[in-house]
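In our numbering, the protein residues as written are 275 to 590. Below: one structure, written as structure tokens.
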Amino acid sequence: MGIRIFNQQTEEVYRALLKRARWNPPDLVAQSPRDDSAVVDDICALQNSRMVAPSADEPGFVRAIEPRLALPTLVARQFKTGDASELVAAPSVIQNVIEQHEGFTSIAPGWHVGGLDRAAVLVERLVATGRRELIFTTPVYVPHSFEHAPYIAELARRKGMKVKMLWTSALGSLPALTSVVQELMDMGCEIRISKTLMDRAVIVDRSVAINLSDPDSVHLYSHEDRVTDLASRSADHWNSAQPVRRAVYADTPRNALARHEVILGYLAEGLTDESIASKLEVSIRTVRSDIAKTMSNLDAKSRFQAGVAASRIGIV
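Printed below as a string of structure tokens:
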């Protein structure tokens, strides 16, 4: 069964991209029986939908963003448009795609790889399963690195996670990051500039950490002492750093989301129609209409199933 990202041909390109850490587009084109321009158009379409990103290791190469992050994000965007006809696939299909892909690339504590593209696999999966806080400490700039990627911030925002990005002064003044900074802050990221050097790392929920100090040997830590040590040092730098702009967090990060996404989150929490209507300041009739559409879109037979399905594949 296909995942129906756009069409069968585009789906095949995405699945092919998942087979390697990165691809040189001409190599991918050479393996396809289709017209060269059609394959290139598919790659561009996938990039525009944030299913594919430029390589941070090889200029001109591209890589597939992990399904655990990319597919739920795409579904959430389609919920935002309210066009059920464009939904990617049923949650069970998406979950199968994720599990099938990850079965070939399992990750465990102590896992290590070389290169930022392979490290992106780890970071994207951890962010997709994170719940509370995401911290990036980045002393150097690498074009197209996940360390300042809006697509990661987009997912974290939707999940209600706080995102903190700590950069050195050199990054704060880079013209290449000017537009990215605005997009990141629009998504609720808090960015601070430190005058002192720091670890290069990613910390998720203060329970796991990825040490990026040596990009040729990236390590995943889950041991409490190592994670605490990295988190403590990042906190010291954070407290003395200068905010790029004071981030404005609402009482709940959900207030910036589309109503359908908010309702999915409340369904996952088990709230009643009346409670949801009160929180959203809309009528119960509106809430029930939205819930009916949401259940249909997720192929769920009950509101409970809709909430569970959305939570399982990472929409909320």
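We put the CB at the ideal spot given by N, CA and C, even for glycine.
- Here E555 is exposed: its Cβ has fewer than 16 other Cβ atoms, across all protein chains shown, within 10 Å.
- Assigned with DSSP and collapsed to three states, E332 falls in coil, not helix or strand.
- The criterion of a C-beta distance shorter than 8 Å is not satisfied by A475 and P417.
- The closest CA to that of E286, considering only A515, A430 and Q305, is found on Q305.
- In summary, I558 is exposed, with fewer than 16 beta-carbon neighbours lying within 10 Å of its beta-carbon over all protein chains present.
- Here DSSP, grouped into helix, strand and coil, assigns N485 to strand.
- For H493, the enclosing beta strand (DSSP E) covers residues V492 to Y495.
- Pairing C463 with V492 gives a Cβ-Cβ distance that is not under 8 Å.
- Within a 10 Å sphere around the beta-carbon of D391 sit 16 or more other beta-carbons, which makes this residue buried.
- With respect to R405, D479 sits close: the two C-beta atoms are nearer than 8 Å.
- If you ignore the 5 residues before and after G334, its C-beta comes within less than 6 Å of no other C-beta in its own chain.
- Spatial neighbours of V303 in its own chain (CB-CB distance under 6 Å, excluding positions within 5 residues in sequence) are listed in chain order as D310 and V313.
- The shortest C-alpha to C-alpha distance from H375 to any of G388, V395, V387 and D564 is the one to V395.
- CA-to-CA, the gap between Y425 and R324 works out to about 7 Å.
- Taking the C-beta atoms as reference points, P413 is found nearer than 8 Å to T442.
- CA-CA distance, L541 to Y415, rounds to 40 Å.
- DSSP links L408 through a beta bridge to V437 and V478.
- The Cβ atoms of A566 and L572 lie no closer than 8 Å to each other.
- Taking C-alpha positions only, D460 is separated from S496 by approximately 31 Å.
- The C-beta distance from L486 to A393 rounds to 7 Å, short enough to meet the 8 Å contact threshold.
- Between the C-alpha atoms of G388 and E548 there is a straight-line separation of about 52 Å.
- With a beta-carbon spacing of about 26 Å, V501 and V518 fall beyond the 8 Å limit used to define contacts.
- R466: not part of any alpha helix (DSSP H); member of the beta strand (DSSP E) spanning E464 to S468, first to last residue.
- With a threshold of 16 other beta carbon atoms within 10 Å, K293 falls short and is exposed.
- In this structure S506 is exposed. Its beta-carbon is surrounded by fewer than 16 other beta-carbon atoms within 10 angstroms.
- Secondary structure at P517: strand, using DSSP grouped into helix, strand and coil.
- Counting along the chain, the unbroken alpha helix (DSSP H) around L429 starts and ends at P424 to R432.
- By alpha-carbon distance to D473, the top candidate from W297, A450 and M439 is M439.
- Under the DSSP definition of a beta bridge, W512 lacks any partner.
- Taking 8 Å as the cut-off, the Cβ atoms of L343 and T284 do not count as close.
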